[in-house]
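Colleague: Quick one: structure below, then a few questions.
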Amino acid sequence: MLGIDVSKASLAVCLLKQSTAQELTGEFPNTPAGHLQLQRWLAQHDGAQTPACMESTGPYHRSLALFVFQGGHPVSIVNPRRIKAYSVSRLSRAKTDGVDARLIAQFGLREDLPIWTPPTAARVKLRDLQRRLDEIGRTRCQHQQRCEHCQDADILASLAREASFWSEEEQRLHRQLESVLGDSAELGEDVALLTSIPGIGALTARRLVASVDIKRFENAASFAAYLGVMPREHSSGTSVHKQPRMSKMGSKALRTALYFPAMQATRCNTQIRAQYQRLVAAGKPKKSAIGAAMRKLAQQIYGVWSSRLPYNPTLGLAA
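Everything in the sequence shown is counted per our numbering, starting at 152 for the first residue and increasing by one.
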């Protein structure tokens, strides 16, 4: 098992061989040249086609994961929280890149991890366009706040020119995004399936398609857990919370994106509306009822997306 601790600048690696109980370590730059050095190092130490395990580290692990996968190695990408929990369970006191690489390799040997499959070029393009649109959206929000508190005419004129630029850039990116969806039958079908669910609009559907590979999830519960909308009960001894709380141990961006669609679904989605009304009538806080609506909506999304069948209001999941 090859454990790789990925940072922006470097890669710390640990190669564990079960057959000989041998442990080999190394460090390489996290650059294309460094990836080639890692490949030669693996060939030198008979690590060809050895499974590799690494943490999900935002943009820093992506090119490496693709390079290692294309080199014939099964790749598993795990949530850093799992590695941290494993480290705590082993009472690990040291925190260095080398120690982390060894922990990742040991974790990879211990667990039955799913094998990562690279996303298609169209999905990567869609993801990058959506993230750029999100960045512009945050910038425009900050820009609007500056406009509201500015009284200088020259500064306001400058801000107006800047707003015009961001608006044009946003429209350009939207056209490119539409082009990607139009050129990819699979992505276009994904968006059509998701928008068949009452409450899910085109913008939310595109964000989900750009961010999620539904094949990663074995069931609706694992998908809801990824979004962080599963309830977490706190009951230990005399410490008991009356209401289970949303775990929020998932993607904050996707959870936020699902909030307003869930609110809309409480009005237009038959199953979610009935659930929401039942919970409110039973005295549950509206905030808790919205959380339950988000969870139900996540289940419907998984059912429709994984079955490749449009939403069926009779079943609440798929036709």
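We put the beta carbon where it would ideally sit given N, CA and C, even for glycine.
Since this is a predicted model, take the numbers as computed values, not measurements.
1. Using the beta-carbon count (16 or more within 10 Å), is asparagine 181 buried or exposed?
2. Which same chain residues, not among the five before or five after glutamine 136, have their C-beta less than 6 Å away from its C-beta?
3. Thinking just about the alpha-carbon of each residue, which of Ala308, Leu378, Tyr237 and Val229 is nearest to the one in isoleucine 155?
4. With C-beta atoms as the reference, is proline 405 less than 8 Å away from leucine 378?
5. Let me confirm a value: threonine 465 is counted as buried when at least 16 other C-beta atoms fall within 10 Å, else exposed. Which label applies?
6. Classify glutamine 293 as buried or exposed, calling it buried when 16 or more other Cβ atoms lie within 10 Å of its own Cβ.
7. Counting beta carbon pairs with one atom in the segment 295 to 315 and one in the segment 241 to 254, are three or more of them shorter than 8 Å?
8. How close, in whole Å, do the beta carbons of alanine 457 and isoleucine 365 come, if the pair is a contact with beta carbons under 8 Å?
9. Between which two residues does the beta strand (DSSP E) harbouring cysteine 165 extend?
10. Could you check the C-alpha separation between histidine 300 and arginine 289 for me, to the nearest Å?
11. Would you identify the three-state DSSP class for leucine 460, choosing helix, strand or coil?
12. With the cut-off set at 8 Å, would you say glutamate 262 and isoleucine 234 are in Cβ contact?
13. Any idea which residues DSSP pairs threonine 271 with across the strands?
14. First and last residue of the beta strand (DSSP E) that includes isoleucine 365?
15. Round the Cβ separation of arginine 291 and leucine 328 to the nearest angstrom and send it over; I've been treating them as touching at under 8 Å.
16. DSSP has aspartate 156 in a bridge; who is on the other side?
17. Residues in its own chain within less than 6 Å of leucine 162 by CB, not counting five upstream and five downstream?
18. If you draw a straight line from the alpha carbon of alanine 353 to that of threonine 346, how long is it in whole angstroms?
19. Helix or strand or just coil, what does DSSP make of isoleucine 351?
20. According to the Cβ coordinates, are valine 239 and alanine 203 closer than 8 Å?
21. According to DSSP, is glycine 177 part of a helix, a strand, or is it coil?
22. Taking Cβ positions, are threonine 417 and tyrosine 427 nearer each other than 8 Å?
Modeller: Looking at the atomic coordinates:
1. Buried, because 16 or more other Cβ atoms sit within 10 Å of the Cβ of asparagine 181.
2. The chain is shown only over 152 to 470; residue 136 falls outside these bounds and no answer can be derived.
3. Comparing C-alpha distances from isoleucine 155 to each of Ala308, Leu378, Tyr237 and Val229 shows the shortest one belongs to Val229.
4. The sequence given here has leucine at residue 405, not proline. Yes, the pair counts as a contact, with Cβ atoms nearer than the cut-off.
5. Per the 10 Å Cβ criterion, exposed.
6. With fewer than 16 other CB atoms across the displayed protein chains lying within 10 angstroms of its CB, glutamine 293 is exposed.
7. Contact between the segment 241 to 254 and the segment 295 to 315 is absent, with fewer than three C-beta pairs closer than 8 Å.
8. According to the sequence shown, residue 457 is serine rather than alanine. Correct: roughly 6 Å between the Cβ atoms.
9. Per DSSP, the unbroken beta strand (DSSP E) holding cysteine 165 starts and ends at 161 to 168.
10. In a straight line, the C-alpha of histidine 300 is about 17 Å away from that of arginine 289.
11. Note: leucine 460 maps to coil in three-state DSSP.
12. No, Cβ-Cβ distance for glutamate 262 and isoleucine 234 is not below 8 Å.
13. BP columns for threonine 271 are empty, so no partner.
14. That residue, isoleucine 365, is in no beta strand (DSSP E); it is neither H nor E in DSSP.
15. Under the criterion of beta carbons closer than 8 Å, arginine 291 and leucine 328 do not qualify as touching, at roughly 17 Å.
16. DSSP output for aspartate 156 lists Ala163 as bridge partner(s).
17. Cβ neighbours of leucine 162 within its own chain (closer than 6 Å, five residues either side excluded): Ile155, Phe179 and Asn181.
18. Distance from the CA of alanine 353 to the CA of threonine 346, rounded to the nearest whole angstrom, comes to 6 Å.
19. Note: isoleucine 351 maps to coil in three-state DSSP.
20. It is not a contact, given that the beta carbons lie outside the stated cut-off.
21. Glycine 177 falls in the strand class under three-state DSSP.
22. Closer than 8 Å, so yes.
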